[in-house]
Amino acid sequence: MGPPTGPQRQFPSGAAYAEALQHTQLCFQHPELKGARTELTRLGLPRAVSGAFASVFSLTSAVSGQRYAVKCFTRHVPDQEQRYEAISSRLALLDPAGLSQPWKLGFEYLPDAVRVGTDRYPVLKMDWIEAVTLSAWLDTHHADRSAVSGLADRFEALTRDLSAHGIAHGDLQHGNLLVAGDGTFRLVDYDGMYVPALAGLGGTERGHRNYQSPLRGNDDFGAELDRFSAWVIFLSLKAVAADPALWNRLHEPSGEFLLLTEEDFKSPAGSTGLQTLLAHADRAVSDLAEQVRSMAFQPLELLPPLARAVPGPRAATTATATPPPAGAAAPGTGGLPGWMTGRLAEQPAPAPAAPPAPASPDGFHNRTALDVVVAVLWPLALIATVLLPLAGLPTAFPRLLAPLTLAAVASAFARSRRTEWARSRAELATLTKQLAQIEDPAKADAKLRKERSRFEAAETDRQAAYPRAQDRLKAQYHAALQEVEKRKTREQREIAKKIDGLLEERRRALAKALADNQSAYVQDQLARRQVSQSPPHGIGPRLAGRLAAQGIRTAADFTGYRTVQNSSYNSTGAVLVRPGGRHTSVHGIGEAKAAALVAWRQKAVAAAVARQPTALTAPEQQSVEQHIAHRRARLTTRRTAVESEADTARTQAKKRLDEGREQLARENTAAGDRARRQRQEFSRRTAEIQRSGALHETLTTAVEAARSRQSGLTYARYVRFLYGGR
Numbered sequence: 085m086g087p088p089t090g091p092q093r094q095f096p097s098g099a100a101y102a103e104a105l106q107h108t109q110l111c112f113q114h115p116e117l118k119g120a121r122t123e124l125t126r127l128g129l130p131r132a133v134s135g136a137f138a139s140v141f142s143l144t145s146a147v148s149g150q151r152y153a154v155k156c157f158t159r160h161v162p163d164q165e166q167r168y169e170a171i172s173s174r175l176a177l178l179d180p181a182g183l184s185q186p187w188k189l190g191f192e193y194l195p196d197a198v199r200v201g202t203d204r205y206p207v208l209k210m211d212w213i214e215a216v217t218l219s220a221w222l223d224t225h226h227a228d229r230s231a232v233s234g235l236a237d238r239f240e241a242l243t244r245d246l247s248a249h250g251i252a253h254g255d256l257q258h259g260n261l262l263v264a265g266d267g268t269f270r271l272v273d274y275d276g277m278y279v280p281a282l283a284g285l286g287g288t289e290r291g292h293r294n295y296q297s298p299l300r301g302n303d304d305f306g307a308e309l310d311r312f313s314a315w316v317i318f319l320s321l322k323a324v325a326a327d328p329a330l331w332n333r334l335h336e337p338s339g340e341f342l343l344l345t346e347e348d349f350k351s352p353a354g355s356t357g358l359q360t361l362l363a364h365a366d367r368a369v370s371d372l373a374e375q376v377r378s379m380a381f382q383p384l385e386l387l388p389p390l391a392r393a394v395p396g397p398r399a400a401t402t403a404t405a406t407p408p409p410a411g412a413a414a415p416g417t418g419g420l421p422g423w424m425t426g427r428l429a430e431q432p433a434p435a436p437a438a439p440p441a442p443a444s445p446d447g448f449h450n451r452t453a454l455d456v457v458v459a460v461l462w463p464l465a466l467i468a469t470v471l472l473p474l475a476g477l478p479t480a481f482p483r484l485l486a487p488l489t490l491a492a493v494a495s496a497f498a499r500s501r502r503t504e505w506a507r508s509r510a511e512l513a514t515l516t517k518q519l520a521q522i523e524d525p526a527k528a529d530a531k532l533r534k535e536r537s538r539f540e541a542a543e544t545d546r547q548a549a550y551p552r553a554q555d556r557l558k559a560q561y562h563a564a565l566q567e568v569e570k571r572k573t574r575e576q577r578e579i580a581k582k583i584d585g586l587l588e589e590r591r592r593a594l595a596k597a598l599a600d601n602q603s604a605y606v607q608d609q610l611a612r613r614q615v616s617q618s619p620p621h622g623i624g625p626r627l628a629g630r631l632a633a634q635g636i637r638t639a640a641d642f643t644g645y646r647t648v649q650n651s652s653y654n655s656t657g658a659v660l661v662r663p664g665g666r667h668t669s670v671h672g673i674g675e676a677k678a679a680a681l682v683a684w685r686q687k688a689v690a691a692a693v694a695r696q697p698t699a700l701t702a703p704e705q706q707s708v709e710q711h712i713a714h715r716r717a718r719l720t721t722r723r724t725a726v727e728s729e730a731d732t733a734r735t736q737a738k739k740r741l742d743e744g745r746e747q748l749a750r751e752n753t754a755a756g757d758r759a760r761r762q763r764q765e766f767s768r769r770t771a772e773i774q775r776s777g778a779l780h781e782t783l784t785t786a787v788e789a790a791r792s793r794q795s796g797l798t799y800a801r802y803v804r805f806l807y808g809g810r
C-alpha cells in the first residue's frame with residue numbers, strides 16, 4: 085500500500101454517519117442529496133451496509149426522486165480524490181455499446197459533501213441498481229445449469245472488457261459482482277480499482293482473502309490484479325454449471341466465498357474444496373481446478389488473463405492457417421486441454437523442435453534407365469528359364485532358377501536406388517528419432533502426478549508436524565516451569581524449616597554457652613585447690629610431694645581412681661585417673677588414700693558448683709544472639725536468592741521456548757518457500773508436458789503417415805510400377 089502524502093485524517097464511524105443522516109436537510113449541501121429520504125431500519129435509524137473502509141446508505145432524492153447509494157468513508161484512503169477522478173475519467177471513456185454488458189456503475193465523488201459534527205467529509209454518490217449479489221443469485225439459481233453456464237460466460241466477457249481497457253477492479257468477489265434481472269453483471273465498489281492513470285501509486289486494499297492469490301502483496305497494483313480471482317470465480321461458476329450439487333456441498337449458507345476459501349489456495353493438499361474439484365469426474369472441472377491450483381503459487385504478473393472464454397464475434401483474421409490436428413493444442417495455448425483452448429490470451433508460441441522431413445510422394449514415379457533395364461531383364465529371365473530345358477541342356481533345378489533369381493535381385497537393388505524409397509526411409513528415420521527424443525506425455529504426466537502426490541503427502545505431514553513440534557516445545561516449557569517450581573518449593577521449605585528451628589538453636593546455644601562458662605568456672609576453682617595447702621585426711625607432705633612429682637598438685641589434675649591388682653604383694657592397689665583418661669600410679673597411694681583424694685575433690689567440686697554463674701553476661705548473650713541473627717540473615721538471603729534463581733530459570737525456559745518457536749517458524753517458512761518453489765516447478769513441468777504433448781501427437785501422426793506412405797513402396801508395387809508406370 086502506497087504511503088500517504090500527508091498526515092492521515094480521522095474519519096467518523098458508521099454510527100456517527102447514521103446519526104448525521106437522520107437530518108439530510110442539514111448534513112448535505114448537494115442539491116440531489118439535501119433533504120433526501122434515507123432508508124430506515126425498524127428502529128427508525130438510517131440503514132447502513134458497512135464494509136472495511138466505508139458505510140453505504142440508500143437515499144432517495146427529494147428533488148428528482150432518483151435513488152442513490154451514498155458511500156461514507158470511515159477510514160483514510162491515500163490520494164482518494166485523485167484516484168476517483170482517474171477512475172471516473174477512465175470509465176467515462178468506455179463506450180457502452182462496445183461493452184459486453186452494462187456492468188459500469190455511474191458515480192460521482194463529492195469532496196466535503198456531508199457534515200458530521202463540525203467537520204465535513206467526502207462521499208461517493210452512486211447510481212442505485214436493482215440486482216442481487218452473485219452468491220445470492222447462485223443460492224436461487226444454482227440448479228439451473230444452463231443459466232449458471234451462461235452467467236460464467238458473461239463473467240468471462242466482463243473480465244475481457246476490463247482487460248481490453250487496461251482496468252483491474254482489484255477486489256473481484258461475490259459481494260462486488262451483482263446480477264441484474266436480465267442475467268447480466270453490475271460491478272460495484274471501485275475503491276481498489278486500477279486504471280492506467282494510477283500507475284505508480286500503491287494499492288489501497290488487498291481484496292477479499294477468499295479470492296486472492298497467496299502471493300498477492302501490498303505493492304501489487306496493476307492491470308493483472310484480477311487474474312487470480314477471475315479464474316477462481318470462473319472455476320466456481322463452471323463447476324456449479326457442470327454439477328449443481330457442488331453448491332450445497334462446498335458452499336456454506338451466508339459464507340464469504342463461493343466454493344473455495346483462502347485455505348484451499350494456501351494448503352491445497354489439505355483442502356477439502358479444491359481436492360473435491362480436482363477429483364471431479366467432469367474433466368473440464370478437474371482441469372480448471374488444476375489450473376487454479378498451479379496459479380496459486382505463481383506471481384500475479386505471470387498469470388494468464390481469463391480471455392475469450394465465451395465464443396462471440398471476433399475481428400476477422402487476415403490470413404488463414406491450416407487447423408491443427410484434432411486434439412492438438414492450438415499454437416499459443418501452451419498445450420492447454422481442448423476445453424480451455426481460446427480462454428487464454430494469445431501467448432508467444434514455444435520454439436518448435438526440428439521440423440519433420442518433407443513428405444514423400446505416394447508410390448513410384450518416372451522410370452529411370454535402371455528401371456527399364458530391370459523391366460527388360462524379367463522377360464529375358466523367364467525365356468531363359470523356359471528354353472534351357474527345351475534345349476536339352478542338363479540343368480539342375482537350382483541352376484534352372486538362376487535367371488529368375490538374378491532378375492529378382494536386380495529388382496530389389498533397383499528399388500533400393502529409387503529416390504522415393506530413400507526419402508521415405510530418411511523421413512521415417514528422422515520422425516522416429518524426433519519422436520523418441522520426446523517423453524511420452526501420458527507417462528510423463530503420470531510420473532508428475534505421482535511425484536506431486538508424494539510431495540503433497542509429505543507437505544501435509546510437514547504441515548501437520550509443525551503444530552506438533554510447537555506443542556512439544558510448549559510441553560517442554562511447562563515441564564521446565566514445573567521443575568523450577570518444584571525445586572523452588574523444596575528449597576524454600578527447607579529454608580523455612582531452618583528458620584523455624586533458629587529459636588531452638590538459640591536456646592541450645594545459650595545453654596551451651598552457660599554450661600561452658602560453668603565448666604570453666606568449676607575447673608578454675610579446682611585448679612586453685614592445692615593438695616599441699618589443704619590436704620585430705622591421710623595425705624601428708626611426703627605424699628603430697630610424691631603426687632606433685634607425678635603432676636597432681638590440684639583437684640583439677642585428676643578426676644578419680646581405679647583399683648588395680650598388685651601381683652608382687654598379692655594385694656589391691658589404686659591408680660589415679662588424669663583428666664585425659666591417663667592413669668598415674670603414686671607410691672604410697674593405695675585404695676584408701678585414693679578414695680580420700682577423690683572425696684576431697686568432690687567436696688571441692690560441690691563448693692565450686694554452688695558458687696558457679698547461673699546466667700550469661702550481656703556480652704556473652706549478645707555474641708550468641710549475633711550468631712543466630714547472622715544465621716537468620718543468611719537463610720533469608722538464601723530464600724530471596726531461591727526466588728530470584730527461579731525467576732531466572734523461568735526466564736531461561738521462556739527464552740528457550742521463544743528461540744525454539746523462532747527456529748521452528750524459520751524452518752517452517754523456509755519449508756513453505758521450498759514448497760512454493762516446488763509447486764511452481766510442478767506447474768512449469770505441467771505446462772511443458774502440455775506443450776510437448778501437442779508436438780508428440782503431431783509427430784506420432786506424422787510417423788504413422790510416413791509408415792503408411794512407405795507401405796506404398798513395397799517390392800510388389802515396384803514390380804507393378806516397372807510395367808504399369810504407377
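By our numbering, the letter at position 483 of the sequence shown is numbered 567, and the numbering carries on one by one without gaps. Ideal placement from N, C-alpha and C gives every residue a C-beta, glycine not left out.
Measuring C-alpha to C-alpha distances from Phe318 to each of His258, Met277 and Ser351 identifies His258 as the nearest. In this structure, Gly276 lies near Gly287, with their beta-carbon atoms less than 8 Å apart.
According to DSSP, Gln649 shares a beta bridge with Thr656. Residues of the same chain with a CB within less than 7 Å of the CB of Gln762, apart from the 5 flanking positions on each side, are Phe539 in chain order. Distance from the CA atom of Val456 to the CA atom of Ala530, rounded to whole angstroms, is 56 Å. Taking every protein chain shown into account, the CB of Pro337 has fewer than 16 other CB atoms within 10 angstroms, so this residue is exposed. The alpha helix (DSSP H) runs of length 4 or more contained entirely in the segment 493-531 are, from start to end of the chain, 503-520. For the pair Gln607 and Ala688, the CB atoms are not nearer than the 8 Å cut-off. As computed with DSSP, Gln614 is found in a beta bridge with Thr638. Val324 sits buried, since 16 or more C-beta atoms from the chains shown fall within 10 Å of its C-beta. Just so you know, the alpha carbons of Gly447 and Arg801 end up roughly 8 Å apart. Bounds of the alpha helix (DSSP H) holding Lys687 are Glu675 to Arg695. With respect to Val232, Cys111 sits apart: the two C-beta atoms are not nearer than 8 Å. For Gly644, the secondary structure class from DSSP, reduced to helix, strand or coil, is strand.
Burial is judged here by how many other beta carbons sit within 10 angstroms of a residue's own beta carbon; His225 has at least 16 and is buried. In summary, Arg502 is buried, with 16 or more beta-carbon neighbours lying within 10 Å of its beta-carbon over all protein chains present. Here the alpha carbon of Leu178 sits roughly 14 Å from the alpha carbon of Pro280. Around the beta carbon of Asn302, fewer than 16 other beta carbons sit within 10 angstroms, so the residue counts as exposed.
Residue pairing by DSSP places Thr122 opposite Leu143 in a beta bridge.
Of the residues assessed, Arg768 falls on the exposed side of the cut-off, its CB having fewer than 16 other CB atoms within 10 angstroms. In this structure, DSSP gives Pro383 a state outside helix and strand, which the three-state scheme calls coil. Sequence-distant partners of Tyr101 (beyond 5 residues in either direction) whose C-beta falls short of 6 Å from its own C-beta, in its chain, are Ser139 and Cys156. When rounded, the separation of the alpha-carbon atoms in Arg722 and Arg546 is 47 Å. Rounded to whole angstroms, the separation of the alpha carbons of Arg499 and Leu461 is 14 Å. When the beta-carbon positions are compared, Gly119 and Ala146 come within less than 8 Å of each other.
Taken atom to atom, the span from the alpha-carbon of Ala459 to that of Gln774 is near 52 Å. Contact annotation: the segment 550-558 touches the segment 739-748, with at least three C-beta pairs closer than 8 Å. In the three-state DSSP reduction, Phe157 falls in the strand class (E or B). The shortest C-alpha to C-alpha distance from Tyr807 to any of Ser219, Arg126, Pro463 and Ser134 is the one to Pro463.
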